[in-house]
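In what follows, a single structure is set out as structure tokens and then discussed.
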Amino acid sequence: MKGNYDKAFENIIRLRVMSVLMVNEQYDFNSFKELLEVTDGNLASHLKNLENSGYILVEKSFQKRKPLTNYSATKAGKKAFQSHLDFLENLINENKP
Amino acid sequence: MKNPQQELSEIKSMMERSTKFLSLSGLSGIMAGTYALIGAKLIYYWTESSITATSYLADSISGQISRIIWVGIIVLTLSILTAYFLSQKNSRLTSSKIWTPAGKRFLTALFLPVTLGALFCFALLHLGYFELIASTTLLFYGMGLINSSLFTLNDIRHLGFGHVVLGILAAFFPAFGLFFWAIGFGILHILHGSIMYFKYEK
Numbered sequence: 000m001k002g003n004y005d006k007a008f009e010n011i012i013r014l015r016v017m018s019v020l021m022v023n024e025q026y027d028f029n030s031f032k033e034l035l036e037v038t039d040g041n042l043a044s045h046l047k048n049l050e051n052s053g054y055i056l057v058e059k060s061f062q063k064r065k066p067l068t069n070y071s072a073t074k075a076g077k078k079a080f081q082s083h084l085d086f087l088e089n090l091i092n093e094n095k096p
Numbered sequence: 000m001k002n003p004q005q006e007l008s009e010i011k012s013m014m015e016r017s018t019k020f021l022s023l024s025g026l027s028g029i030m031a032g033t034y035a036l037i038g039a040k041l042i043y044y045w046t047e048s049s050i051t052a053t054s055y056l057a058d059s060i061s062g063q064i065s066r067i068i069w070v071g072i073i074v075l076t077l078s079i080l081t082a083y084f085l086s087q088k089n090s091r092l093t094s095s096k097i098w099t100p101a102g103k104r105f106l107t108a109l110f111l112p113v114t115l116g117a118l119f120c121f122a123l124l125h126l127g128y129f130e131l132i133a134s135t136t137l138l139f140y141g142m143g144l145i146n147s148s149l150f151t152l153n154d155i156r157h158l159g160f161g162h163v164v165l166g167i168l169a170a171f172f173p174a175f176g177l178f179f180w181a182i183g184f185g186i187l188h189i190l191h192g193s194i195m196y197f198k199y200e201k
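Line order of the protein sequences matches chains A and B.
Under numbering that gives the first Met the number 0, the first residue of the first sequence is numbered 0, with each subsequent residue one higher.
Under numbering that gives the first Met the number 0, the first residue of the second sequence is numbered 0, with each subsequent residue one higher.
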């Protein structure tokens with residue numbers, strides 16, 4: 000079967016984060032928080048998880064003296080997400096009458 | 000996990016919401032169009048009355064131009080304020096924030112050509128090419144709309160093309176500049192705003 004069901008995207012927040020990073024070159028922590036409407040701790044732990052899988056890159060900097068944390072998808076992350084998408088698509092096609 | 004269809008539609012909606020500014024209200028288009036029509040009507044009365052009164056000379060023409068510029072600035076300011084407040088209300092309804100990366104990209108894409116167009120218009124005024132103002136404002140605004148369509152609902156593209164076509168026509172028929180301006184900024188906005196309102200907000 001084509002594609003692979005990736006456990007990293009089993010969680011809905013990680014799935015959403017990765018969807019956003021597939022179409023945005025960069026996305027920062029606060030914008031994620033507002034878009035996904037999750038708490039700091041919750042979001043941070045899921046981002047850490049994706050980072051540890053090697054799917055996203057973290058880049059910390061300062062903007063007007065405030066810390067700014069930007070995230071971007073790695074090549075491996077994009078590949079894994081694409082494969083996850085392929086899996087879902089296949090699943091749908093197979094279940095078609 | 001939920002079923003794959005739900006998961007895919009979740010992915011699609013996230014991609015869309017993170018790249019596109021979706022809280023632009025159709026009502027703000029209707030309001031902006033109405034302001035523009037009132038402004039055009041005012042300008043029409045002023046210019047019409049001065050054509051019949053032959054005693055008006057260069058002195059009053061420059062006075063007239065500055066009045067027309069003020070009308071333009073007031074129409075623009077009112078439109079932006081209305082769009083801002085209605086979008087803020089709208090974004091609360093769709094639970095999407097207004098000042099997002101997508102919102103910033105949309106505003107930059109729209110207002111970069113518009114600002115450059117405004118500067119170009121001041122150059123035209125400075126050189127005395129008054130007959131090209133209607134065409135230039137229509138063209139630059141239309142290009143801004145087409146440019147910004149990548150970062151919002153695609154429908155805005157049609158509004159942009161409408162303005163660009165009217166801008167070209169206005170360049171060839173400068174005597175009807177105000178007429179084309181009223182059709183573009185007035186009628187097209189009201190039309191587009193109504194379509195958006197009934198399509199997405201009703």
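Cβ coordinates follow ideal geometry from the N, Cα and C atoms, glycine included.
Owing to the predicted nature of the structure, the values given are computational and were not obtained by experimental measurement.
When burial is assigned at 16 or more other CB atoms within 10 Å of the CB, is residue i buried or exposed?
| i | result |
| --- | --- |
| Ser54 (chain B) | Its pLDDT being 46, under 50, Ser54 (chain B) is placed unreliably in this model, and the coordinates cannot settle the point. |
| Lys198 (chain B) | exposed |
| Ala52 (chain B) | Legend: pLDDT at Ala52 (chain B) = 49, less than 50; position of this residue unreliable, value from coordinates given subsequently. The residue is exposed, with fewer than 16 neighbouring Cβ atoms inside 10 Å. |
| Lys201 (chain B) | exposed |
| Trp98 (chain B) | exposed |
| His45 (chain A) | buried |
| Tyr34 (chain B) | buried |
| Ile72 (chain B) | exposed |
| Thr116 (chain A) | Examination of residue 116 (chain A) is not possible in this model, given that chain A is present from 0 through 96 alone. |
| Thr76 (chain B) | exposed |
| Phe171 (chain B) | exposed |
| Asn92 (chain A) | exposed |
| Pro66 (chain A) | exposed |
| Phe84 (chain B) | exposed |
| Glu6 (chain B) | buried |
| Phe31 (chain A) | buried |
| Arg64 (chain A) | exposed |
| Gly40 (chain A) | exposed |
| Asn89 (chain B) | buried |
Looking at the strands, I want to know which residues DSSP matches up with residue i.
| i | result |
| --- | --- |
| Leu56 (chain A) | A:Ser71 |
| Lys95 (chain A) | Its beta-bridge partners do not exist; DSSP assigns none. |
| Phe61 (chain A) | A:Pro66 |
| Tyr26 (chain A) | A:Tyr70 |
| Phe20 (chain B) | B:Thr151 |
Please list, in chain order, all residues of the same chain as residue i whose beta carbon is under 7 Å from its beta carbon, the five residues on each side excluded.
| i | result |
| --- | --- |
| Ala133 (chain B) | Ala169, Gly176, Leu177, Phe179 and Trp180 |
| Ser147 (chain B) | Phe105, Ala108, Leu109 and Ile155 |
| Ile205 (chain B) | In the structure as shown, chain B starts at 0 and stops at 201, and residue 205 (chain B) therefore has no counterpart that could be examined. |
| Val113 (chain B) | Phe139, Tyr140 and Gly143 |
Between residue i and the rest of its own chain, which residues show a CB-CB distance below 8 Å, the 5 nearest in sequence each way excluded?
| i | result |
| --- | --- |
| Leu14 (chain A) | Phe8 |
| Leu35 (chain A) | Ile12, Arg15, Val16 and Leu42 |
| Ala56 (chain A) | Checking the sequence shown, residue 56 (chain A) turns out to be Leu, not Ala. Glu50, Tyr70, Ser71, Ala72 and Thr73, listed in sequence order. |
| Gly53 (chain A) | Thr73, Ala75 and Gly76 |
| Leu137 (chain B) | His162, Val163, Leu165, Gly166, Ala169, Phe179, Trp180, Gly183 and Phe184 |
| Ser86 (chain B) | Ser22, Leu23, Ser24, Ser27 and Ile97 |
| Leu123 (chain B) | Phe129, Leu131, Ile132 and Thr135 |
| Leu20 (chain A) | Tyr26, Ile55, Tyr70, Ser71, Ala72 and Gly76 |
What residues in its chain sit with their C-beta under 6 Å from that of residue i, if we drop five residues either side in the sequence?
| i | result |
| --- | --- |
| Leu56 (chain B) | Caution applies to Leu56 (chain B), whose pLDDT of 49 falls short of 50 and renders its modelled position unreliable; the value that the coordinates give is listed next. Excluding sequence neighbours, Leu56 (chain B) sits near nothing in its chain. |
| Phe184 (chain B) | Ala35 |
| Phe20 (chain B) | Ala101, Gly102, Phe105, Phe150 and Thr151 |
| Pro173 (chain B) | Glu130 |
**Request:** Mind the definition here: the region 26-46 of chain B touches the region 186-195 of chain B only if three or more C-beta pairs lie below 8 Å; say whether that holds.
**Result:** yes
**the region 159-168 of chain B contacting the region 76-93 of chain A, beta-carbon criterion three pairs below 8 Å** = no
**Request:** Taking a Cβ distance cut-off of 7 Å, strictly less, list which residues of the region 22-35 of chain A are near chain B, in chain order.
**Result:** Val22, Asn23, Tyr26, Ser30, Glu33 and Leu34
**Item:** Interfacial residues, the region 15-42 of chain B to chain A, with Cβ spacing under 8 Å
**Value:** Arg16, Ser17 and Thr18
**Prompt:** Looking at C-beta atoms only, is the number of pairs between the region 56-76 of chain A and the region 9-29 of chain A that lie closer than 8 Å three or more?
**Reply:** yes
**Item:** chain B contacts made by the region 47-60 of chain A, where a contact means CB separation under 9 Å
**Value:** none
**Request:** Anything in the region 2-23 of chain A with a Cβ closer than 8 Å to a Cβ of chain B? List those residues in chain order, please.
**Result:** Glu9, Ile11, Leu14, Arg15, Ser18, Val19, Met21, Val22 and Asn23
**Item:** Cβ-based contacts, 7 Å cut-off: residues of the region 99-130 of chain B near chain A
**Value:** Thr99 and Pro100
**Contact residues within the region 0-11 of chain B, judged by C-beta distance below 9 Å to chain A** = Met0, Lys1, Asn2, Pro3, Gln4, Glu6, Leu7, Glu9, Ile10 and Lys11
**Prompt:** If we count Cβ pairs, one from each stretch, closer than 8 Å, do we get three or more for the region 124-140 of chain B versus the region 58-70 of chain A?
**Reply:** no
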